[in-house]
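Letter 210 of the sequence shown, counting from 1, is numbered 209 in numbering that gives the first Met the number 0, and no numbers are missing. Every residue gets a Cβ at the ideal spot worked out from N, C-alpha and C, and that includes glycine. Written out below as structure tokens is the structure these notes cover.
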Amino acid sequence: MEKIDAQKRIETLRTIINQANYEYYVLDNPKITDQEFDKYLRELENLEKEYPEFDSDTSPTKRVGGEVIDRFKKVKHQIPMLSLPDVFDITEIEDFNTRIEKEGVKPTYVCEYKIDGLSVSLHYEKGILLFAATRGDGITGEDITHNVKTIKSVPLVLKEPIDIEVRGEIYMPKKVLEEINLKRAKENLPLLQNVRNAAAGSIRQLDSKIAAERKLDTWIYHLPNPEDYGIKTHQEALDFMDRLGFKVNKSANKIVTGINEIEEYIKETTEKRNSLPYEIDGIVIKVNSLDSQKQLGFTSKYPRWAIAYKFPAMEVLTTLRDIVFTVGRTGRITPNAVLDPVIVMGSTVKRATLHNEDYVIMKDLKIGDIVSIRKAGDVIPEVVEAKKERRNGTEKDFQMITNCPICGSPLEKKKDQVDHYCMNMACPARKSEALIHYCSRKAMNIDGLGDEIMEDLFNLGFVTKIPDIYRLYEHKKDLIELEGYGNKSVDNLLNAIEDSKGNSLERLLFGLGINGIGDKTALLLVKIFKTIDGFLNATYEDFERIYDIGPILAQNLYDYFHNVENIALIEELKSIGINMKYLGENERHHDLISGKRFVLTGTLSFTDRDSLSNLLISYGGATSSSVSKKTDVVIVGENPGSKYDKARELNIEIWDEEKIKSIVDSL
0 MEKIDAQKRI ETLRTIINQA NYEYYVLDNP KITDQEFDKY LRELENLEKE
50 YPEFDSDTSP TKRVGGEVID RFKKVKHQIP MLSLPDVFDI TEIEDFNTRI
100 EKEGVKPTYV CEYKIDGLSV SLHYEKGILL FAATRGDGIT GEDITHNVKT
150 IKSVPLVLKE PIDIEVRGEI YMPKKVLEEI NLKRAKENLP LLQNVRNAAA
200 GSIRQLDSKI AAERKLDTWI YHLPNPEDYG IKTHQEALDF MDRLGFKVNK
250 SANKIVTGIN EIEEYIKETT EKRNSLPYEI DGIVIKVNSL DSQKQLGFTS
300 KYPRWAIAYK FPAMEVLTTL RDIVFTVGRT GRITPNAVLD PVIVMGSTVK
350 RATLHNEDYV IMKDLKIGDI VSIRKAGDVI PEVVEAKKER RNGTEKDFQM
400 ITNCPICGSP LEKKKDQVDH YCMNMACPAR KSEALIHYCS RKAMNIDGLG
450 DEIMEDLFNL GFVTKIPDIY RLYEHKKDLI ELEGYGNKSV DNLLNAIEDS
500 KGNSLERLLF GLGINGIGDK TALLLVKIFK TIDGFLNATY EDFERIYDIG
550 PILAQNLYDY FHNVENIALI EELKSIGINM KYLGENERHH DLISGKRFVL
600 TGTLSFTDRD SLSNLLISYG GATSSSVSKK TDVVIVGENP GSKYDKAREL
650 NIEIWDEEKI KSIVDSL
């Protein structure tokens, strides 16, 4: 692969994965399968290893989990909440075991159920519940204390008056989901689709009464700092948390030795899975010895001493009745399978995305086929394959459309890309999707202007372009008369619109929908340019010289801010009173840190790598996982490995533990 092609593919993969993370962790509405996500992630990891010059701190390969929504107060985790690497067969478990043994560890493991819910951190002071937080992005979570207090299995007071943090999973029992859906069906309300989304949606309610009615539950399975309590093994930590009054899944947890015992545990669990009162989607396998865990350490994303085995997805058969096409805000055309309704793992599936023309052709799908459907990762509907042996000759071949299904404009497929696009900027579908994006949580965060409401306002002609949002007060009487609206809801909506005028510039920049500019890149840019005029006055070279902004994004930015229509839009938003400045706090500065790029290697005695990395970033530095000519400093701890050798080879400045500790102590 040519270098320029590799760079383009890396940027494409990062966009795909970042969007998938956002949909899964923030919206609880994933659009791609676990298998696709894993394929994209592995491809990106391999490309970044092969082309380290395109390394980036903002790459999804370096991030944990997902992102923080703005509805709750943010809480910073003193010890990062890392996720676990997924494996899918016994061979990958054997590889995991081999890697551990090569480190000189003779492991015993604790096998646990992987509960299908959402992660929670519980903090106690002198034995009294202080606060509870979600995982968030692993560094910063959401304060959900008011809802967690309604969960009866969470002790408000421990059996000992100690300071402690414990972690586990919030989940909804199967029976509770059935009871809720029975009631919702009688009230003609949409059904909750599965226990994971139901639990996540319940815990994110602003009104704790709703969470209390959902009868959520917990399993506690992790003690982040066991050494503070004289604990030597993970099993001892489980027993300790059980004694304090936490709900620990003692009957499911089992100490095992060797691959055969792990395989037997998986087999036994698979057989009893459907009879459990709660959903599990896999098995977690952890090294039991805490000394061994410490020896094995962490990557920037995962602990090296634990993995999560995922169960194979369950499949059912149905008929592919049609393939219809939708248009996204960038003009991307997506084929979608229309299916005979079928229940897959407790929820009804009627549609499934087919992604693009190549995907349909690869799977050789025909309209009228009997197809197998599964919920990849137990969540996302996916068409697995056509049952070709059951074809009877009445099936119709798939035909990719050549014109936009909404505006009729000819579609374009760019070279070396798989997607077709409607290039008509005035296409109603593109315009409505762009408006929905502008109001979304990571953009201008206008509560009350979700997908369906915005589509209604667009179809009514009340909002056809962004500035119309800020003139909705002119239609107040009309809005109040619409079904489902009223004085209070309309007032709340208009207040939310008015409040959005004061958002910091990064939200507006992301909301404008510039191709390739996500929320993280938007924040990076506004920290540099400070005001919208800074963007309007910038040259292509100003954009291109920014680290992590390659030539494609630089051109996108330059083209956007030199387009006459876009300039007119920005001027109109200025006249409406939209804030055009970055309002974030100024970054702290240190002469030895600010503006430099660091690589950390080896073990530090006074802190962990993630904490040090976050500290360097907070003072205007940047960190990377690999050493290159762009690296300014390599920080070396005990047992540094090949990065130290690479730094010496490239004559890069090296700081030992004594030097970095003296700098940290001076901050």
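Where does residue i sit, in a helix, a strand or coil, going by DSSP?
i	result
Ser665	helix
Asp85	strand
Pro51	helix
Val25	The pLDDT assigned to Val25 is 40, lower than 50, so where the model puts this residue is not dependable; a value taken from the coordinates is nonetheless given after this. Of the three classes helix, strand and coil, the one that applies to Val25 here is helix, per DSSP.
Cys438	helix
His589	coil
Glu652	strand
Pro154	coil
Glu141	strand
Ala621	strand
His233	helix
Ser641	helix
Glu66	For Glu66, the pLDDT reaches just 38, beneath the cut-off of 50, and the residue's location in the model is therefore unreliable, although a value from the coordinates is still provided. If DSSP states are grouped into helix, strand and coil, Glu66 belongs with coil.
Arg669	Nothing about residue 669 can be read from this structure; the chain reaches only from 0 to 666.
Phe560	helix
Phe130	strand
Lys349	strand
Ile468	helix
Pro409	strand
Let me confirm a value: residue i is counted as buried when at least 16 other C-beta atoms fall within 10 Å, else exposed. Which label applies?
i	result
Lys309	buried
Glu47	buried
Gly140	buried
Arg390	exposed
Pro380	buried
Tyr123	buried
Thr149	buried
Arg691	For the chain, the structure presents residues 0 to 666; residue 691 sits outside this window and is missing.
Glu168	buried
If I measure Cβ to Cβ from residue i and keep anything under 7 Å in the same chain, skipping five residues before and after, which residues do I get?
i	result
Glu543	Pro550, Ala553
Asn28	Glu22
Ala428	Val326, Ile405
Mind checking whether residue i and residue j have CB atoms under 7 Å apart?
i	j	result
Lys595	Val626	no
Glu505	Ala521	yes
Lys285	Val109	yes
Met171	Ala197	yes
Val341	Val382	no
Asn669	Ala210	The structure shown does not extend to residue 669, since the chain is modelled only from 0 to 666, so the question has no answer here.
Ile279	Tyr112	yes
Ile9	Tyr39	no
Gly126	Glu159	yes
Val326	Ile400	no
Leu157	Pro225	no
Leu701	Ala305	Outside the shown range of the chain (0 to 666) lies residue 701, about which nothing can therefore be said.
Gly116	Met80	no
Asn491	Asp418	no
Leu700	Thr317	In the structure displayed, the chain extends from 0 to 666; residue 700 sits before or after that span and is not available.
Phe245	Ile261	no
Val194	Leu181	no
Glu432	Tyr420	no
Val359	Phe397	yes
Could you spell out the range, first to last residue, of the alpha helix (DSSP H) harbouring residue i?
i	result
Asp216	Here Asp216 belongs to no alpha helix (DSSP H); instead the beta strand (DSSP E) covers 216–221.
Tyr308	Looking at the DSSP string, Tyr308 is not in any alpha helix (DSSP H); the run it does join, the beta strand (DSSP E), is 305–309.
Ile452	450–459
Ile258	257–271
Ile531	531–535
Closer than 6 Å by C-beta to residue i: which residues in its own chain qualify, once you throw out the five before and the five after it? Chain order, please.
i	result
Lys72	Asp142
Ile435	Asp450, Met453
Asn514	Asn555
Phe461	His474
Start and end of the beta strand (DSSP E) containing residue i?
i	result
Arg390	Where Arg390 is concerned, there is no enclosing beta strand (DSSP E), given that its DSSP letter is neither H nor E.
Asp321	314–326
Gly281	279–286
Arg596	596–600
Asn335	331–343
Arg166	163–170
Lys73	73–75
Counting only the same chain and skipping the five closest in sequence on each side, list residues whose C-beta sits under 8 Å from that of residue i.
i	result
Tyr643	Thr600, Gly601, Val633, Val635, Ile653
Ser503	Val525, Asn578, Lys580, Tyr581, Leu582, Gly583
Arg183	Pro189, Leu190, Leu191
Please confirm if residue i has its CB atom under 7 Å from at least one CB of chain B.
i	result
Leu190	The structure shown contains no chain B, having only a single protein chain.
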